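First up is the structure itself, then whatever we jot down about it.
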Amino acid sequence: MLELKTRKTQKTMEPVTGLSILDHALKNDVEWGFSCTRGTCARCRCYIAEGRDLLSLPSDEEESRLEPEEIEQGYRLACQCIVKQSGAISVTHKPYF
Ligand code: FES
Numbered sequence: 001m002l003e004l005k006t007r008k009t010q011k012t013m014e015p016v017t018g019l020s021i022l023d024h025a026l027k028n029d030v031e032w033g034f035s036c037t038r039g040t041c042a043r044c045r046c047y048i049a050e051g052r053d054l055l056s057l058p059s060d061e062e063e064s065r066l067e068p069e070e071i072e073q074g075y076r077l078a079c080q081c082i083v084k085q086s087g088a089i090s091v092t093h094k095p096y097f
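Heads up: the sequence shown at position 73 corresponds to 73 in full-length UniProt numbering, and the numbers run straight through without jumps.
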C-alpha cells in the first residue's frame with residue numbers, strides 16, 4: 001500500500017508502478033503542494049518514511065535541487081519520484097515553507 005500524508009490529511013491507496021508520487025496524490029484527491037512538475041520548484045518535496053527501495057533513483061533534477069544529505073536522509077521531489085515496484089510505501093509532504 002502507498003500511504004500519503006500531508007499536514008491536513010492522510011490517505012492510503014494501491015501504488016501504481018510507473019506513476020510518480022505526485023501523480024498518486026493528484027489522482028487520489030490528496031492536496032499536495034506543487035508547481036513546476038519538472039523538479040525545480042521543490043514545492044512537492046517529501047520525506048520517504050518507508051519503501052525507498054521501491055522507488056526510482058533520484059533524478060538529475062533532484063540531485064541538483066536537493067542537498068546530498070537530504071537525499072541520503074530520504075527526502076525526494078514527489079514529481080520526480082516514480083513507483084517502480086509495489087509494496088509498503090509511506091510518504092510525507094515536507095515542503096520547505
Ligand atoms: S512540482 Fe516542482 S519540483 Fe516537483
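Just so it is clear, CB atoms sit at the ideal spot from N, CA and C, and this is done for glycine as well. The model shown is predicted, which means the values in this text are computed figures rather than measured ones.
Item	Value
Collapsed DSSP secondary structure at A25 in the structure displayed	helix
Burial state of Q80 (16 or more Cβ within 10 Å)	buried
Stretch-stretch touch, CB-based, cutoff 8 Å, three pairs: the stretch 22-35 with the stretch 61-68	no
Unbroken stretches of the alpha helix (DSSP H), 4 residues or longer, contained in the stretch 2-65	21-27 and 60-65
Contact test: A25 Cβ vs the ligand FES heavy atom, cutoff 6 Å	no
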